[in-house]
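Add 589 to the 1-based position in the sequence shown for our numbering, that's all there is to it. Ideal placement from N, C-alpha and C gives every residue a C-beta, glycine not left out. One structure is given here, and the rest of the page talks about it.
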Amino acid sequence: MTPADPVSPKTPPAAKLWGGRFAEGTDALVEAFSESVSFDQRLWRQDIAGSTAHARMLGKVGVLKAADVEAIVDGLAQIRSEIESGKFEWQLALEDVHMNIESRLTAMIGDAGKRLHTARSRNDQVATDLRLYVRDAIDELVITIGVLAEVLLDLAEREADTIMPGFTHMQIAQPVTFGHHMLAWREQVLRDRARLLDCRRRANVLPLGSAALAGTVYPIDRHFVAEQLGFDSVSENSLDAVSDRDFAIEFVSAAALAMVHLSRWSEELILWCTPMFGFVKLPDRFCTGSSIMPQKKNPDVPELVRGKTGRVVGDLNALLVLMKGQPLAYNRDNQEDKPPLFDAHDTLSASLRLFAAMLPNVTVERATCRSAAFKGYSTATDLADYLVKRGLPFRDAHHAVGSAVGHAVKKGCDLSELSLDELRGFSALIEADVFDVLTLDGSVNARNHWGGTAPAQVRAAIARARSRG
Ligand code: ARG
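Below, the structure is given as structure tokens:
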């Protein structure tokens, strides 16, 4: 073994907060492998809040003296400002965020700091921090989604009369309004918000007091802690509270689904801004160029959102697999819950913000959208419905219009460009008023009911959304 070999250096056992029963220091490989402070330091706000509430509770029930509680609370406040100002020294050897903060507290205030960990364990501590984190993340995302939903409402209003093709099977199906399409996106993101808020209800339960797994011998007041930290309730079972991460899985699941929605929007924008579609122009500042092809303007933001969706789906998978083999109660496996959780949060948050910033600056090429809708026989269903209104069974109407489309395809024109006589060749029920329903505007205006694509209904939906606030 060379002196530079990292295996088995001797560090003094006393360096660890739990080092009492150990005869030798941790192997450097183990230390590097098992530390989490490099990523869980991100929980410092939650950790300080949890410790402050815990110390106050210990004071209230008489486990800690008032002077110790005061020293702890003040010390934690000082640590908060050290971290905020970048002065705090995070040490890998102290493993995680919890022991980094506790060690610093003890270095600052002495024995009172060593008393903070009475009646708790890192197991209930980290479960508490993580639930607070998920709650904070949800509160932030809910605000961002609210902004995006507002952006979509404005865009829908701006483009309420803009006609574009609606697609099924990616083939032109029926004309729709661009505003209606934007309101469809909005519905998706509103459900994403509802899912996050639903997840919040189950996440907002206090695990602290469960200690390592079985509870604690001290006369703790868990409801007092819950109240200070804004938890709605106190966990019912200590084994469950320290071990399960289902709230994190639910959160990442909601995040993955929200990303899947954004990925679908991305796919549409990417198609729409190609010259073959030409429905929209993305603002230059949200695109990038090519190092070789001078003409290129690439939709990198939607492409990256679509790509990052794969990562967030992977984050969900990581958490599900992390959990599936674990017996009760806490296992160190759970330390691995944080990178996927943080990644899902960061990726969703950034993607939502980008969409909210980009969409108001998207130019909708109204004439191109309209002529694309005109090209694909998108009013054929309207002609069938016209015949049904005149008494023809729908199946017969469908067949007659199919023949008319076949004829128009051969002639290379739209249905509305056939003469009345030509149209009557397919059904004698057709009269001059048929041209009202064959136009794009006639088609969208006719879908005039709650949830339909008519501009009047888009405006009604926007008004309902605005009055709901
Ligand atoms: N860093 C650990 C985690 O994230 C904290 C809990 C560790 N508990 C233990 N007994 N080793 O899960």
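Check                                                                                                                        : Outcome
Where the beta strand (DSSP E) through residue 755 begins and ends                                                           : 752-757
7 Å Cβ shell around residue 928 - same chain, five flanking residues per side excluded                                       : 628
Anticipated Cβ contact below 8 Å, residue 776 with residue 953, distance rounded                                             : Not confirmed; about 20 Å, so no contact.
Closer than 5 Å to the ligand ARG: residues, by C-beta to nearest heavy atom, in chain order                                 : 625, 685, 711, 715, 923, 924
Euclidean distance between Cα positions of residue 1002 and residue 766                                                      : 23 Å
Collapsed DSSP secondary structure at residue 938 in the structure displayed                                                 : helix
Residues of its chain near residue 646, where Cβ-Cβ distance is below 6 Å and the 5 sequence neighbours each way are ignored : 810, 813, 814
Contact with chain B by residue 667, beta-carbon distance below 9 Å                                                          : The structure shown contains no chain B; it is built from a single protein chain.
Residue 663 versus residue 711: straight-line alpha-carbon distance, rounded                                                 : 21 Å
Separation of residue 621 from residue 875, as counted between CA atoms                                                      : 40 Å
Close beta carbons around residue 590, own chain, < 6 Å, minus the five adjacent residues each side                          : Note that residue 590 has pLDDT 40, beneath the 50 cutoff, so the model's placement of it is unreliable and the number below is only indicative. Within the same chain, residue 590 has no close Cβ partners at all.
Stretch-stretch touch, CB-based, cutoff 8 Å, three pairs: the region 678-696 with the region 746-763                         : no
Three-pair Cβ contact test at 8 Å for the region 648-661 versus the region 672-679                                           : no
Cutoff 8 Å; reference residue 596; Cβ partners in own chain excluding five residues on either side                           : Interpretation of residue 596 is limited by its pLDDT of 46, a score under 50 that renders its predicted location unreliable; no figure is taken from the coordinates.
Simplified DSSP assignment, three categories, for residue 766                                                                : strand
Inter-residue spacing [alpha-carbon to alpha-carbon] between residue 594 and residue 614                                     : Because residue 594 sits at a pLDDT of 49, beneath the cut-off of 50, its placement in the model cannot be relied upon, and the point is left open.
Continuous alpha helix (DSSP H) stretch holding residue 691: start and end                                                   : 686-698
Boundaries (first-last residue) of the alpha helix (DSSP H) holding residue 817                                              : 811-818
First through last residue of the alpha helix (DSSP H) which encompasses residue 709                                         : Where residue 709 is concerned, there is no enclosing alpha helix (DSSP H), given that its DSSP letter is neither H nor E.
Three-state class that DSSP yields for residue 1046 in the structure shown                                                   : helix
Endpoints, alpha helix (DSSP H) assigned at residue 975                                                                      : 969-978
Best match in 687, 944, 899, 678 for proximity to residue 933 [C-alpha to C-alpha]                                           : 899
Reduced DSSP secondary structure (H/G/I, E/B, other) of residue 953                                                          : strand
Continuous beta strand (DSSP E) assignments of at least 3 residues falling wholly in the region 1002-1028                    : none
Inter-residue spacing [alpha-carbon to alpha-carbon] between residue 740 and residue 1056                                    : 16 Å
Exposure label - residue 944; buried when at least 16 CB within 10 Å                                                         : buried
Option in 828, 878, 991 with minimal Cα separation from residue 916                                                          : 828
For residue 884, three-class secondary structure by DSSP                                                                     : coil
Any non-hydrogen atom of the ligand PLP closer than 8 Å to residue 622 Cβ                                                    : This structure lacks the ligand PLP; its bound ligands are the ligand ARG.
Pick from 864, 903, 894, 1010 that is closest to residue 884, judged by C-alpha positions                                    : 864
Pairwise C-alpha distance: residue 798 and residue 859                                                                       : 51 Å
Pick from 808, 703, 868, 1048 that is closest to residue 951, judged by C-alpha positions                                    : 868
Simplified DSSP state of residue 870, which is helix, strand or coil                                                         : strand
Candidates 978, 923, 819, 994: closest to residue 625 by CA position                                                         : 923
Beta-carbon proximity list for residue 738, same chain, < 7 Å, skipping 5 on both sides                                      : 775, 778, 779
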